[in-house]
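Protein chains in written order, with the working numbering: chain A, 4 to 94; chain H, 1118 to 1511.
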């Protein structure tokens, strides 16, 4: 998911990165977290298509949600035809 | 021991670049620098130097080529002067921001108009904040030796910052003196091959000079500042090591010439320091405790070292060969800041001298020391910025 420095010594001398643009975590902006119920997931990929941050990964039986850049917008839960994604308040 | 030749400062820099085994040189000719790259070009065509000379159509392109060459991991050099340096300004920032250790010789020449080719420091001082290390030299010998030291400090993993070696137009660039040229083997012991931390490489693709948002830009600038500041101590170490291996060193970053017990001290940069040392000697013969602090490293500014040299003086004078219009000479501002940062307040005066190649004589320097003795007696300067050698002031 790109280069994510966490301390000063992670930075190279001059901005040079594999795979482009350096960034920082945006997942901590989230108030509600999408949680997948794998049993209900039919792997239809609607959430994968609609996720504006591309944080949902394809899998063989079901999708997988990654959280580094998920801002908790809830579009995936709204689009899911089987209600497999529940928005849970961050604790 | 190498050989001894009767050469000028430009030739001396070219020998330094050859001994440092620079691999890429990209440059555009400009007086009074041209002889440096002409000589390097000759070394390359003779087969004495294994390097690529890139001919370009402007200084902006020269610096772009050097930046890119350094990104490929090559040891890179260029030279320029005056208007040429100003034309490089944009790409100088790419080189320093991306932390590429390019070395450049700037033969200090005044800025036009009035149109001129003669000496002053307005060109390099105008690029002070471009993120380059700046070092000023006093002689052709020091120019040769310092050129080699430049690569050593620039390429240090903790520094990774480009360096500009500044030498005075004509007084150094075109004046012959006896110069000892070290053996290649001596320099090879001092300066190992450049091992870049990353480079342009098809097997490991990178985005170089990547964009950053406000969330990371400032951290990059902070690390750039840290790298630059480390150059102060590393330059002192490099100068000592050069002294051990080659037999010459230059007092680190500030040469302290009879400052320890001095009442009146001048601060100078460049070739003027030689005349000033003679003046110090003759004043001391007459019983005046005079001293000279020769500032070699201008950026990063060695504030502790300059404070140490000046701290026991009763009056100081800072000689600037350039002017920050609307205020004073920049070296004066910096020296005062260094004293302030060390809770030290010595009465001082700024001498603006030698703009556009006007000679600065031993008599001029003697008058400056007289002025300092006057300030020493009276405790403060009547006028903080004085133009020396001005034909008419009204």
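Every residue, glycine too, gets a C-beta built ideally from N, C-alpha and C.
Counting only Cβ-Cβ distances below 8 Å, residue 15 of chain A has contacts in chain H at 1314, 1315, in chain order. Residue range 1447 to 1458 is occupied by the alpha helix (DSSP H) that includes residue 1457 of chain H. Taking a C-beta distance under 7 Å as the contact criterion, residue 1286 of chain H and residue 1236 of chain H qualify as a contact pair. Here the stretch 1294 to 1310 of chain H makes no contact with the stretch 1393 to 1413 of chain H; the two share fewer than three CB pairs at distances below 8 Å. Across the set H:1446, H:1355, H:1460, H:1477, the C-alpha of H:1446 shows the shortest separation from the C-alpha of residue 1437 of chain H.
Taking the C-beta atoms as reference points, residue 1168 of chain H is found no nearer than 7 Å to residue 1260 of chain H.
Residue 58 of chain A sits close to residue 73 of chain A, with the two beta carbons spaced by under 7 Å.
Residue 1221 of chain H is bridged by DSSP to H:1195, H:1281. Within 9 Å of the CB of residue 11 of chain A, the CB atoms of chain H belong to 1336, 1339, 1340, 1343, in sequence order along the chain.
Taking a contact to require three or more Cβ pairs closer than 8 Å, the stretch 1475 to 1487 of chain H and the stretch 1386 to 1396 of chain H qualify as touching. A distance below 7 Å between beta-carbons, with the five flanking residues on each side excluded, links residue 1208 of chain H to the following residues of its chain, in chain order: 1177, 1180, 1181, 1184. Residue environment for residue 1352 of chain H: buried (at least 16 other C-beta atoms within 10 angstroms of its C-beta). Counting along the chain, the unbroken beta strand (DSSP E) around residue 1169 of chain H starts and ends at 1169 to 1172. Contact annotation: in the stretch 1235 to 1264 of chain H, no residue has its CB less than 8 Å from a CB in chain A. When H:1159, H:1243, H:1296, H:1336 are compared, the shortest CA-CA separation from residue 1200 of chain H is found for H:1243. Setting aside the 5 residues that flank it on each side, residue 1133 of chain H is surrounded in the same chain by 1261, 1264, 1265, each with a C-beta closer than 6 Å to its C-beta; the list follows chain order.
In the three-state scheme derived from DSSP, where H, G and I count as helix and E and B as strand, residue 1437 of chain H is classed as strand. Chain A has no Cβ within less than 7 Å of the Cβ of residue 1212 of chain H. At least one CB of chain A lies nearer than 7 Å to the CB of residue 1324 of chain H. Each of H:1341, H:1267, H:1488 was checked against the Cα of residue 1219 of chain H, and the nearest Cα belongs to H:1267. Partner residues in the beta bridge of residue 1409 of chain H, as assigned by DSSP, are H:1374, H:1383. Classified as exposed, residue 1231 of chain H has fewer than 16 neighbouring CB atoms from the shown chains inside 10 Å of its CB.
For the beta strand (DSSP E) assignment, the uninterrupted runs of no fewer than 3 residues enclosed by the stretch 25 to 86 of chain A are, from N- to C-terminal side, 35 to 39.
For residue 1465 of chain H, the enclosing beta strand (DSSP E) begins and ends at 1465 to 1469. Annotation: Cβ neighbours of residue 1216 of chain H in chain A (cutoff 7 Å, chain order): 16, 17.
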